[in-house]
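In the working numbering, the protein residues as written are 70 to 1016.
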């Protein structure tokens, strides 16, 4: 359980541990309520404004929301539960507990009475109608009514009316005109002996319906009234189960199947043939036998031990069909998949001969008979899978207490397949969960079980072997080839990796046999459960598997070639597991697909730029490719070196970046690629504070213009504007920004980056209102995380320089949270530098010094020379203002930096640093030393004096 808990199913409340949290003003509480109702998704700023303020929103409403968010984070003592996104805010369900999520989870797991117990009163009872009447709140209220309806129906059928009666009373008091709730309340009261009260309920609601709506009671309410009058609400006593033929296994404690059991019971009441379908090990048989125990008369026919040649005569003989009667008999046909045709004939004969008979079958594929209703037995979700794992583990070793985090990882790795989970739990007698996890990748045979069970139920591998043995050769070949997918895939991907012209048809066969799962949404996608996938790979012909992996790599490369920019990043992000698998295959040492692997690696740059949290894997792939670069043709080698240079730049290995990019120019002939490399070199030179940064930026713009590519011109002009602005060339930077805008507008390209750069240039020029407006446009429309963070920093500066320090600090808090969440930690020194200036402006000297120390500590490992340069000057100024003994030393250090480096210590003015001179008494690196050494020594001197 997490430390922070929220309650919305009743009055809005929050706790940290056992201490209740004060949630602030009424409007701040409403903002929190809207965020909590949208937990797990982004609640946009527009949605917050519409719900909390409506038409009365003030002009400063966005700033007010930011203030409320900052206060809520501070009140809870933890900012991680509430994330800032590019368009709004998102409550992270993994970082806090919320009673609404508990309610939904319990309802989904078929425990409606426990779910209803989470309600302590009306939803958000202490808030006004603005939130309670919102679409989100009304949706939650409908969820409660649905769960209550299911709970009441079940309770009234099975003699449990007393359990739901308190919930029916509470909801009826809130929903005074809801006839369904009152009908259930009347029946529950009558079932518990309170018939007079039940009749009074009917009288009260019919009076309200007449007075307030002028309508008569509905048929449902009238029927409940008649049942109460006839005292028919109490169900008759359950009849004993007086007939069971065939195997009757002992009851098992099913986990996570309550919803399936109740839904299947209703299906069997309305349909005569229901088939449970699902992959091997999903728990079809256990579910079917648990369902059969609810029936009075059962006949079981187990088909698993029978050969595939068994005919209809054998089946009817074993079942003793001639001795059956149709008195509400349930026939359970178990493990039908290898005899579907013969079993289908048996079912048609049974249903035709016995009108009162119902058939329940388990199979990995449908029987295909008329009237058949299919029920997919899905693998377990993580939470019930872990519960099953722990229960079964304790059956083998009662004192065992497995690590729940590792258990969740294991159950995820096993895709929640109950057979796999149970077999894994049995292994804890001889190894730990970690040992088991470490060995699962290539040793699925570890998951073996009882020799007394059917052969195809003894292990995951044998279960998959059984399913594969039932396939014809084209189906088997397609399954082998599809097993190379690491995640989900669509039909086009299946056709690209599969072989032959019948992929769509054969894919349908594999879905019918529960070897491939169809995921239905706006567009269909497919996946193979991990244990099935790994078993298929283990059983596959190595040559066929290699051929499929080659096709998989080519398919990913084709996808990457078909788009670019954010669209490509989105497309590859949704296929990230497959992208990793393809790159592992293509760039493996000695592999023959090096060219295709390098092409995919370099094409995927938009994704690497955005999702830098995967940078370690990208470095590994790049290193493997560089080891074999001599095998590549010149142009591709140049692209690889270009990417390696950018990667070194992102890792702050700046000399290496400069060397890689310079070498790339030796191999690249493509004008566009050369323009990109020049811009990269300008960026590296900028970070190193080299004198040629501005000239390289101008050269990159000229090269980009020669390509005629508007997107490249936008990048070059925007990048050059940043470099020129920090070196004081404001007019030239302004022109470069205008050129970037013009190129973006002419070609219809997004101008998010232009707006952030516009904000920076306007800020450096002192045009604060213009800078704030440009930053707000970025924040309103969103974009890449680094762009949003940089816009937040610019906006914070506009607040600092106009004296709105608290607003600035709120914005910087959001920027810090976004950088931590998205991996853009390279921007942390700038955030801290801005924070130090904010505190200094507010007169909070100690806080300013502390932020400055953090800035230097963060910037030194990153080699962020520009930020360190400015921070050293701020430290010297603060030491001078405070009459600190270190002032003279720090002034000398700053003066030495400024003498060697053409860079400005903005926002400090010339008069702020006038009179500072290098002094012989202060040791600085010699003139020949790298500038990084000079700035680094100055920064470490500040840390020595300020820490």
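Glycine residues also receive a C-beta, built at the ideal position from the N, C-alpha and C atoms.
When the beta-carbon positions are compared, residue 857 and residue 813 stay at least 8 angstroms from each other. For the 8 angstroms CB-CB criterion, residue 745 and residue 754 do not form a contact.
Every alpha helix (DSSP H) of 4 residues or more that sits fully in the region 918-976 is shown, in chain order, as 934-950 and 956-969. Leaving aside the five residues that flank residue 192 on each side, the residues in its chain whose CB is nearer than 8 angstroms to its CB run, in chain order, 77, 78, 79, 201, 206, 209, 210 and 213. Excluding residues up to 5 positions away in sequence, 812, 813, 815, 816 and 818 lie with their Cβ nearer than 8 angstroms to the Cβ of residue 779 in the same chain. Contact between residue 667 and residue 601 fails: their C-beta atoms lie close to 32 angstroms from each other, not under 8 angstroms.
The three-state secondary structure of residue 1009, taken from DSSP, is helix. Looking at the DSSP output, residue 313 sits in a beta bridge with 367.
Take the alpha-carbon of residue 845 and the one of residue 574: they are about 52 angstroms apart. Per DSSP, reduced to three states, the secondary structure at residue 90 is coil, with no helix or strand assignment. Using a 10 angstroms sphere on the CB of residue 167, the tally of other CB atoms reaches 16 or more, which defines it as buried. According to the DSSP assignment, residue 552 belongs to no alpha helix (DSSP H), since it is labelled neither H nor E.
The Cβ atoms of residue 799 and residue 833 lie closer than 8 angstroms to each other. Taking 8 angstroms as the upper bound for CB-CB distance, residue 257 and residue 293 are not in contact here, some 10 angstroms apart. According to DSSP, residue pairing for residue 473 in a beta bridge does not occur.
Along the region 216-301, the alpha helix (DSSP H) occurs as fully enclosed runs of 4 or more residues at 230-243, 248-260, 264-277 and 288-298, listed in sequence order.
Collapsing the DSSP output to three states places residue 342 in a strand. Between the alpha carbons of residue 687 and residue 550 lies a distance of about 26 angstroms. By a beta-carbon distance limit of 8 angstroms, residue 963 contacts residue 1007. Their separation comes to about 7 angstroms. Between residue 451 and residue 480 a beta carbon distance of about 6 angstroms is seen, short of the 8 angstroms cut, so the two are scored as contacting.
In this structure, residue 756 keeps its C-beta atom at 8 angstroms or more from the C-beta atom of residue 805.
As DSSP reads the structure, residue 159 sits in a beta bridge with 152.
The residue among 965, 947, 952 and 966 with its C-alpha nearest the C-alpha of residue 981 is 947. Ranked by Cα distance from residue 137, the options 972, 447, 896 and 92 are led by 92. Around the beta-carbon of residue 593, fewer than 16 other beta-carbon atoms lie within 10 Å, marking it exposed. By the beta-carbon neighbour count (other beta carbons within 10 angstroms, threshold 16), residue 128 is exposed. At the C-beta level, residue 888 and residue 958 stay beyond 8 angstroms of one another. Separation of residue 275 and residue 248 (C-alpha to C-alpha, rounded to the nearest whole angstrom) is 9 angstroms. Under the Cβ criterion (8 angstroms, minimum of three pairs), the region 409-420 does not count as touching the region 563-579. Looking at the DSSP output, residue 428 bridges to 342 and 400. Approximately 6 angstroms separates the beta-carbon atoms of residue 606 and residue 614; this is inside 8 angstroms, confirming the contact. Three or more Cβ pairs closer than 8 angstroms define a contact, and the region 685-703 falls short of that threshold against the region 638-647. Of the candidates 272, 609 and 364, 364 places its Cα closest to the Cα of residue 398. When C-alpha distances from residue 135 are compared across 158, 123 and 149, the shortest belongs to 158.
Counting C-beta pairs closer than 8 angstroms gives fewer than three between the region 178-191 and the region 89-106, which falls short of the contact rule. Taking a C-beta distance under 8 angstroms as the contact criterion, residue 673 and residue 713 do not qualify as a contact pair.
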